[in-house]
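Notes follow once the structure below has been shown.
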């Protein structure tokens, strides 16, 4: 398990190659990449977080996933600071023997991250800056995991 | 939509960057990578396919996914020929506005590919060569898509 | 026109044939299932196509059922359950 | 020991404070919910913490409920619903 919170972008090829290389039993790697959408003349997005709690909550989310599925490796990278449209915000990668566990755990981690990890987005547009509202659909996405 | 059946490996960074770049509305890219597992002293895996039908069935699977979810881009790459343990067999990447559609469509495409696309795997081990048996769990994985 | 028949994977190896062309559809054979029975009746290795064996069929590169109609000019394929991905 | 209180995102901007330290827990305040009410009672911008506003709390960096106990030495944070990912 490995969790990073960082300003810089990441090397997708290297991250994925590492997930696949942890064991000769890896048959499946599911990944998720979240991007800054260029909606509504968005100029930039700034991500604030709660240092200390962020790493702790991400590690806890990953532990929950590892308790539910037979995972061989998990990697979570979340960027902070000012990001431009098209830039990557988040990476979740999960390696497992078979695809079912990899897909489920990757989506589970994203659903929990979206509602439990202390990150906040502020959008800059020509009309000024505004904090992004939480989406009800993110909270309801948790229901499929039975909690 | 873009489907490739090829002997060569692929550039994950370039494929993912392309999926993310098709529209400024892309907020989510879900991907799946399948690998040759090094189980049971496996020396190599050879993938045979049905040229013509392969491309047609993959295009049909992708069309079904596009009819069910609001997708911005889909990419499927399936390798054929002789592959060694640790090598990548298949890539499915799906770009969408939000993560739910991207995750669902990516898993749907893999579940259909595993049971409908005409590929066959033959394993080489020290004990000789044998064709891989279809897994019942692959057929039952389709049930969650209501078909 | 005739009819082209393709075999793949373990079935191709068992019957020792990747592709054959029948000059015309055998008498009384109008479906993928009937063609399979006709091929099975050749005996020997061809009994790998007998009822109960897990063999799939495609007609003109679309997955088919036993009752899928076939006609002169069609491409019919027989193969074991797929294992790609 | 005292108690450290952190504010994040829109709430941080509204109350104009990222972090403060109370020298001791206010009298009668023993839960995250009670601390929130005590802060709200400051009035003005602090009423952003009033009941009904979507504000979350964490105690010692774990998500908390209104009834979560707090004690001297704890780190308590208040913030709007998270929007990362």
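Chains as they are written, first to last, in the numbering used here: chain A, 2 to 148; chain B, 2 to 148; chain C, 17 to 101; chain D, 17 to 101. All C-beta atoms, glycine included, are put in the ideal place defined by N, C-alpha and C.
Unbroken alpha helix (DSSP H) run spanning residue i, endpoints
{"i": "residue 110 of chain A", "result": "100 to 117"}
{"i": "residue 49 of chain D", "result": "48 to 56"}
{"i": "residue 19 of chain C", "result": "Note, residue 19 of chain C: premise wrong, no alpha helix (DSSP H); beta strand (DSSP E) at 19 to 23."}
{"i": "residue 88 of chain D", "result": "Note, residue 88 of chain D: premise wrong, no alpha helix (DSSP H); not H, not E."}
{"i": "residue 74 of chain C", "result": "Element bounds for residue 74 of chain C: not the alpha helix (DSSP H) but the beta strand (DSSP E), 72 to 75."}
{"i": "residue 15 of chain B", "result": "13 to 22"}
Reduced DSSP category for residue i - H, G, I as helix; E, B as strand; rest coil
{"i": "residue 7 of chain A", "result": "strand"}
{"i": "residue 141 of chain B", "result": "helix"}
{"i": "residue 76 of chain A", "result": "strand"}
{"i": "residue 38 of chain A", "result": "coil"}
{"i": "residue 127 of chain A", "result": "coil"}
{"i": "residue 29 of chain D", "result": "helix"}
{"i": "residue 60 of chain C", "result": "helix"}
{"i": "residue 65 of chain D", "result": "helix"}
Whole-angstrom distance between residue j and residue i, CA atom to CA atom
{"i": "residue 106 of chain A", "j": "residue 21 of chain B", "result": "22 Å"}
{"i": "residue 131 of chain B", "j": "residue 36 of chain C", "result": "25 Å"}
{"i": "residue 66 of chain A", "j": "residue 7 of chain B", "result": "34 Å"}
{"i": "residue 126 of chain A", "j": "residue 42 of chain A", "result": "6 Å"}
{"i": "residue 103 of chain A", "j": "residue 42 of chain D", "result": "48 Å"}
{"i": "residue 74 of chain A", "j": "residue 47 of chain B", "result": "27 Å"}
{"i": "residue 147 of chain B", "j": "residue 19 of chain D", "result": "54 Å"}
{"i": "residue 48 of chain C", "j": "residue 96 of chain C", "result": "15 Å"}
{"i": "residue 122 of chain B", "j": "residue 22 of chain C", "result": "18 Å"}
{"i": "residue 66 of chain C", "j": "residue 17 of chain A", "result": "45 Å"}
{"i": "residue 98 of chain B", "j": "residue 57 of chain B", "result": "27 Å"}
{"i": "residue 78 of chain B", "j": "residue 9 of chain B", "result": "10 Å"}
{"i": "residue 70 of chain D", "j": "residue 120 of chain B", "result": "52 Å"}
{"i": "residue 30 of chain D", "j": "residue 142 of chain B", "result": "50 Å"}
{"i": "residue 53 of chain C", "j": "residue 61 of chain C", "result": "13 Å"}
{"i": "residue 45 of chain C", "j": "residue 87 of chain C", "result": "9 Å"}
{"i": "residue 27 of chain C", "j": "residue 63 of chain C", "result": "11 Å"}
{"i": "residue 84 of chain D", "j": "residue 78 of chain D", "result": "10 Å"}
{"i": "residue 124 of chain A", "j": "residue 133 of chain A", "result": "7 Å"}
{"i": "residue 98 of chain C", "j": "residue 75 of chain C", "result": "16 Å"}
{"i": "residue 101 of chain A", "j": "residue 84 of chain B", "result": "23 Å"}
{"i": "residue 70 of chain B", "j": "residue 56 of chain C", "result": "43 Å"}
{"i": "residue 40 of chain C", "j": "residue 49 of chain B", "result": "29 Å"}
{"i": "residue 58 of chain D", "j": "residue 64 of chain B", "result": "59 Å"}
{"i": "residue 94 of chain D", "j": "residue 25 of chain D", "result": "10 Å"}
{"i": "residue 72 of chain D", "j": "residue 80 of chain D", "result": "8 Å"}
{"i": "residue 82 of chain C", "j": "residue 91 of chain C", "result": "15 Å"}
{"i": "residue 50 of chain D", "j": "residue 80 of chain A", "result": "34 Å"}
{"i": "residue 111 of chain B", "j": "residue 140 of chain B", "result": "12 Å"}
{"i": "residue 108 of chain A", "j": "residue 38 of chain D", "result": "40 Å"}
{"i": "residue 60 of chain A", "j": "residue 23 of chain A", "result": "19 Å"}
{"i": "residue 5 of chain A", "j": "residue 40 of chain B", "result": "31 Å"}
The ligand GTP heavy atom lying under 7 Å from the CB of residue i
{"i": "residue 57 of chain B", "result": "For the ligand GTP, the structure offers nothing, since it holds no ligand at all."}
8 Å contact criterion, which residue i and residue j should meet: CB distance rounded
{"i": "residue 136 of chain A", "j": "residue 62 of chain A", "result": "That pair is no contact at about 18 Å."}
{"i": "residue 72 of chain B", "j": "residue 96 of chain B", "result": "7 Å"}
{"i": "residue 86 of chain A", "j": "residue 19 of chain B", "result": "That belief does not hold up - the Cβ atoms of residue 86 of chain A and residue 19 of chain B are roughly 17 Å apart, past 8 Å."}
{"i": "residue 76 of chain A", "j": "residue 3 of chain A", "result": "5 Å"}
{"i": "residue 14 of chain D", "j": "residue 115 of chain A", "result": "Look at the range of chain D in this structure, 17 to 101, and you will see that residue 14 of chain D is not part of it."}
{"i": "residue 17 of chain D", "j": "residue 68 of chain D", "result": "Wrong, their Cβ atoms sit about 32 Å apart, outside the cutoff."}
Where the beta strand (DSSP E) through residue i begins and ends
{"i": "residue 45 of chain A", "result": "45 to 50"}
{"i": "residue 88 of chain A", "result": "Looking at the DSSP string, residue 88 of chain A is not in any beta strand (DSSP E), and its letter there is neither H nor E."}
{"i": "residue 63 of chain B", "result": "No beta strand (DSSP E) holds residue 63 of chain B; the alpha helix (DSSP H) holding it covers 54 to 69."}
{"i": "residue 38 of chain C", "result": "35 to 38"}
{"i": "residue 78 of chain D", "result": "78 to 80"}
Any 3 or more C-beta pairs closer than 8 Å across the region 76 to 93 of chain B and the region 4 to 18 of chain B: yes
Touching by the beta-carbon criterion (3+ pairs, under 8 Å), the region 49 to 62 of chain B and the region 24 to 35 of chain D: no
Validate contact between the region 23 to 30 of chain A and the region 28 to 39 of chain B using beta carbons, cut 8 Å, 3 pairs: Contact holds between the region 23 to 30 of chain A and the region 28 to 39 of chain B, because three or more Cβ pairs, one in each stretch, are under 8 Å apart.
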